[in-house]
Amino acid sequence: MANYPFTTLVPNLGVVSLSKHRSFVIADIPGIIEGAAEGAGLGFQFLKHVSRTRLLLHIVDMAPYDDTDPADSVRCISEEMEKFSPTLAKRDRWLVLNKLDMVPEEEQEQRCQEVLDSLQWDGPVFRVSAIKGEGTEALCYEVMSYIEECNRNEAENPELAEQERQLKADMEEEARACIRAHYEARMRRKRGEVDDDDDDFDDDDYDVEVEYVP
Numbered sequence: 542m543a544n545y546p547f548t549t550l551v552p553n554l555g556v557v558s559l560s561k562h563r564s565f566v567i568a569d570i571p572g573i574i575e576g577a578a579e580g581a582g583l584g585f586q587f588l589k590h591v592s593r594t595r596l597l598l599h600i601v602d603m604a605p606y607d608d609t610d611p612a613d614s615v616r617c618i619s620e621e622m623e624k625f626s627p628t629l630a631k632r633d634r635w636l637v638l639n640k641l642d643m644v645p646e647e648e649q650e651q652r653c654q655e656v657l658d659s660l661q662w663d664g665p666v667f668r669v670s671a672i673k674g675e676g677t678e679a680l681c682y683e684v685m686s687y688i689e690e691c692n693r694n695e696a697e698n699p700e701l702a703e704q705e706r707q708l709k710a711d712m713e714e715e716a717r718a719c720i721r722a723h724y725e726a727r728m729r730r731k732r733g734e735v736d737d738d739d740d741d742f743d744d745d746d747y748d749v750e751v752e753y754v755p
């Protein structure tokens, strides 16, 4: 047991439908903590799911129960992704500042700007209150437009499509290498030594159950 600031233990997959012919799948992936790239918590399982996504939305708790610095939380997860897969860390990432309904209105602008300044963030930023649905619709439409543009560009440009396929292959290879390194180190600790060609290794062992949300 540990005092983690979350309770969700499995990724949740759901379909966001904006209209009859406009929808995308979103994966709610919790539990990436410091040390995840070394297997802490369910780090490997969750990071493998992150590597399967097209766009990363970094949901930032702007009113953490333990007064942690939101910017530090962003940096922590960014560092874990970089360790797990440098290619994954280069994926487009948007910052979503959440729980602003719990921040006094007169402090919201200052707190948000402090996070952006601390991170030197120059990418897209969205300010939302998920529980109240404030700002979430606009975010969903922006995500949909981004995905449609990516698909359209790849359909028109075979080189872009090949780059995306190669990027996915690189992420998969980096993920396998990271997991295998951890596996071999763990075996060395347990038995003193392990063969690099240990046939018992299977990165699928590090998969995690997924819940599908209608």
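Going by the working numbering, the first residue of the sequence shown is number 542, and it counts up by one from there.
C-beta: ideal position from N, C-alpha, C; glycine also.
These numbers were taken from a predicted model, which means no experiment stands behind them.
Check: If you count every other CB in all the chains shown that lies within 10 Å of the CB of PRO791, and 16 or more means buried, which is it?
Finding: For the chain, the structure presents residues 542 to 755; residue 791 sits outside this window and is missing.
Item checked: Alpha carbon of GLU713 to alpha carbon of MET622, nearest angstrom -> 13 Å
Next item on the list: Entirely within the segment 619-664 and at least 3 residues each: give me those beta strand (DSSP E) ranges in chain order.
Entry: 634-639
Check: Residues in its own chain within less than 8 Å of LEU701 by CB, not counting five upstream and five downstream?
Finding: ASN694 and GLU695
Next item on the list: Could you check how far apart the C-beta atoms of ARG668 and GLY676 are, in whole angstroms? I think they sit under 8 Å.
Entry: 6 Å
Check: By Cβ distance below 7 Å, which residues in the same chain neighbour ILE600 in space, the five residues on each side in sequence not counted?
Finding: VAL637 and ASN639
Next item on the list: Measure the C-alpha to C-alpha separation of TYR606 and VAL591 and round it to an integer number of angstroms.
Entry: 25 Å
Notebook entry, point to check: Nearest CA to the CA of GLU683: which residue from LYS709, LEU597 and GLN651?
Noted result: LEU597
Notebook entry, point to check: Does the beta-carbon distance from LEU657 to MET603 come in below 8 Å?
Noted result: Result no, Cβ atoms of LEU657 and MET603 do not sit closer than 8 Å.
Check: Taking PRO552 as the reference, which of LEU559, SER626 and VAL566 has the closest Cα?
Finding: VAL566
Next item on the list: Give the straight-line distance between the Cα atoms of TYR724 and ARG595, rounded to the nearest whole angstrom.
Entry: Going from the Cα of TYR724 to the Cα of ARG595 covers about 27 Å.
Margin query: Which residue wins for smallest C-alpha separation from ASP610, given the options VAL556, SER564, LEU660 and ASP633?
Written below: LEU660
Check: Between GLU705 and the rest of its own chain, which residues show a CB-CB distance below 7 Å, the 5 nearest in sequence each way excluded?
Finding: GLU695
Notebook entry, point to check: Can GLU715 and SER626 be called in contact, C-beta distance under 8 Å?
Noted result: yes
Check: Can you name the residues that DSSP bridges to ILE600?
Finding: DSSP, once it has assigned bridges, lists VAL637 as partnering ILE600.
Notebook entry, point to check: For GLU675, which beta-bridge partners are listed by DSSP?
Noted result: Listed as beta-bridge partners of GLU675 by DSSP are SER670.
Check: Could you give the uninterrupted runs of the beta strand (DSSP E) lying entirely in the segment 681-716, keeping only those of 3 residues or more?
Finding: none
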